[in-house]
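Adding 237 to a residue's 1-based position in the sequence shown gives its number in our numbering. Backbone N, C-alpha and C fix where the C-beta goes; we use that ideal spot for every residue, glycine too.
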Amino acid sequence: MWKKTTTAAKDQFGDVHTRMMKKNYEAVPQWWFYTILILTVILSIYCLESFDKQLQLPWWGLLFACVMAFSFTLPVGIIQATTNLQPGLNVITELVIGYMIPGKPLANVAFKTYGYISMSQALSFLSDFKLGHYMKIPPRSMFIVQLVGTIAASTVYFCTSWWLLTSIDHI
């Protein structure tokens, strides 16, 4: 698995689609991905600390969820790419945080979001990039459209959740 990953990164086996895309379009710079990763982790820690009573997940739970998501993304991605099936690892994240922080259901949901849903979204993002690659859509355009869609959806989800938590008693 590691050998295939490193050889693909070195582009030793570039196919016709990759050669055409490299000739016609600029790739997405790596620093775009790193910047978004750092910003989202900082924003997530801020949200967890600011909404401590609502989310119930401590900051270290976020970091542990990120470690789980990072460690499972490559193996699950390989399984999904070869079989078109994604193993349901959501139960693992729920079980782990249930033992670590018992009696806090919203912490369980938040941990599942950061530990499993983020990995699932990353694989969906890669799948969309693969489709765009075969359709010869410029990678930077794909990246920007995915980013705008993610920000819009996240804003709607956050506002809806906040409205529910503040307007419905005993939720």
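**OP:** Give the straight-line distance between the Cα atoms of Gln-323 and Thr-330, rounded to the nearest whole angstrom.
**Re:** 15 Å
**OP:** State the DSSP-derived secondary structure class of Asp-365, mapped to helix, strand or coil.
**Re:** helix
**OP:** Take the Cβ of Val-313 as the centre, count every other Cβ of all protein chains shown within 10 Å, and call the residue buried at 16 or more, exposed below.
**Re:** buried
Original post:
Is it buried or exposed for Asn-345, if we count other Cβ within 10 angstroms and need 16 for buried?
Top reply: buried
Subject >> Counted within 10 angstroms of its Cβ, other Cβ atoms place Gln-293 as buried (16 or more) or exposed >> reply: buried
Original post:
Does the segment 249–265 come close enough to the segment 277–291 to have 3 or more Cβ pairs within less than 8 Å?
Top reply: no
**OP:** Can you tell me the Cβ-Cβ gap for Trp-269 and Phe-380, rounded? I've got them flagged as a contact below 8 Å.
**Re:** 7 Å
Subject >> Selection from Phe-348, Ser-378, Val-382 that minimises the alpha carbon distance to Ala-306 >> reply: Phe-348
Original post:
Of the choices Ile-273, Tyr-353, Trp-399, whose alpha-carbon is the least far from that of Ile-334?
Top reply: Tyr-353
Original post:
So, Ser-357 versus Cys-303, is the Cβ gap smaller than 9 Å?
Top reply: no
Original post:
What are the start and end residues of each continuous beta strand (DSSP E) run of 3 or more residues lying completely inside the segment 248–312, in chain order?
Top reply: none
**OP:** Evaluate Gly-386 with the Cβ neighbour count: other Cβ atoms within 10 Å of its Cβ, from every protein chain shown; 16 or more gives buried, anything less gives exposed.
**Re:** exposed
Original post:
With 16 as the cutoff for other CB atoms within 10 Å, does Val-280 come out buried or exposed?
Top reply: In the sequence as displayed, the identity of residue 280 is Leu instead of Val. By the 10 Å Cβ count, Leu-280 comes out exposed.
Subject >> Enclosing alpha helix (DSSP H) for Gly-386 [first to last residue] >> reply: 376–404
**OP:** Tell whether a beta-carbon distance below 9 Å holds between Gln-317 and Ser-364.
**Re:** yes
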